[in-house]
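Peer 1: First the structure, which I've put down as structure tokens, then a few questions once you've had a look.
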Amino acid sequence: MSAASLTPNQFSTDLGFDNLNSLNITKPSTSLEELKKLINNEANALSQGFLAQYELDTSKLFWNGVDPVEVYFINEGAGYRNQLFYTASDANGGLTSGGKIFDDISSRDSKLSESNGPLALGQGVSLGAFVGATQLDFMIKSNGKNGGNTMLGTDAAANPNGLQHVVAFQHQDWIILGFEDIVGGGDRDYNDVIFAVRGIQHGAPPAEDVPEPSALLGIAALGIGGFTTLRRRKATAA
10 MSAASLTPNQ FSTDLGFDNL NSLNITKPST SLEELKKLIN NEANALSQGF LAQYELDTSK
70 LFWNGVDPVE VYFINEGAGY RNQLFYTASD ANGGLTSGGK IFDDISSRDS KLSESNGPLA
130 LGQGVSLGAF VGATQLDFMI KSNGKNGGNT MLGTDAAANP NGLQHVVAFQ HQDWIILGFE
190 DIVGGGDRDY NDVIFAVRGI QHGAPPAEDV PEPSALLGIA ALGIGGFTTL RRRKATAA
């Protein structure tokens, strides 16, 4: 892992806010309005109507096959000191990489601020690029910085009691992930840890490049032309 390509200010601007403290929206959109409500822990954040239209299946997040995967911290509203992890798996489900992204998800500027919180709002990390079809899973270790051991992630079936602990929706090139950090479901506000990720896509891995029919015809023509030239050269030599 390495530093992300955007500074915190560049990230907030790219996302569509003037900054992540004031949350003034510069690129109006339904998803940004919903994200703002989620950060502010408003009672109507992530309404059923919004989720019915925009929620993504978090078990189907894949590298887009082109860009490095970058993860940016947006905010957190937790009393716990959570940690963020990821795993990457190949097309057969085999684990190819993984690790800890952030050791202590807390900030002096977050909604539930910590005086010794190490993260800046908008701070990012690059996971780099991957090889071939790659599925990404993200999970938090609930209160991991203080010794907690329970992992809560995007695969609900792997969570305690099979409960959902992450919601996701898309805003432009970004996929927003909101986590609930209480084992058993808690208040299900999904604002305990909020991140944005780019370089991934929802649904399925990108299809492998297949030459267009016109390109195949061009290749065939080159092959035929080469064969004809070869025959002429042999005839001349004879």
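So that you can map any letter, position 205 of the sequence shown is 214 in our numbering, and since no number is skipped, the others follow by simple counting.
Backbone N, C-alpha and C fix where the C-beta goes; we use that ideal spot for every residue, glycine too.
This one's a predicted model, so the numbers in the text were calculated from it and none came from an experiment.
1) Counting Cβ pairs closer than 8 Å, one from the stretch 157-166 and one from the stretch 63-70, do we hit at least three?
2) Given a cut-off of 8 Å, decide if E51 and A177 are closer than it, judged by their beta-carbon atoms.
3) Can the beta-carbon of D113 be found less than 8 Å from the beta-carbon of K154?
4) Put A246 into one of helix, strand or coil per three-state DSSP.
5) Under a three-way DSSP split, which group does N155 fall into?
6) If distances are taken between C-alpha atoms only, which option among H211, L128, V134, I149 comes closest to G187?
7) Looking at the structure shown, is F139 part of a helix, part of a strand, or coil, going by DSSP?
8) From what residue to what residue does the beta strand (DSSP E) around T105 run?
9) Can you give me the start and stop residues for the beta strand (DSSP E) that A205 sits inside?
10) Below 6 Å CB to CB, which residues in the same chain sit around V206 once its five sequence neighbours on both sides are set aside?
11) Whole angstroms are fine: how far does the CA of G141 sit from the CA of N33?
12) So, helix, strand or coil for G227, using DSSP?
13) On the CB-based measure, 16 or more other CB atoms within 10 Å of its CB, does G131 come out buried or exposed?
14) Throw me the rounded Cβ distance for the L29 and D23 pair, which I believe falls under 8 Å.
Peer 2: Here's the rundown:
1) Result yes; three or more Cβ-Cβ pairs closer than 8 Å.
2) Against a cut-off of 8 Å, the Cβ pair of E51 and A177 comes out as no contact.
3) Closer than 8 Å, so yes.
4) Reliability fails at A246, whose pLDDT of 44 lies under 50, so the model's placement of it is uncertain and the value that follows must be treated cautiously. If DSSP states are grouped into helix, strand and coil, A246 belongs with the helices.
5) Here N155 sits in helix by DSSP.
6) The shortest C-alpha separation from G187 is found at I149.
7) F139: coil per DSSP, three-state reduction.
8) That run of the beta strand (DSSP E) goes 104-114.
9) Residues 202-207.
10) V80, I184.
11) Spanning the two alpha carbons is a distance of roughly 39 Å.
12) With a pLDDT of 47 at G227, under the threshold of 50, the modelled position of this residue cannot be trusted; read the value that follows with caution. Of the three classes helix, strand and coil, the one that applies to G227 here is helix, per DSSP.
13) Answer is buried; the Cβ neighbour count reaches 16.
14) The pair is not a contact, with the Cβ atoms about 12 Å apart (cut-off 8 Å).
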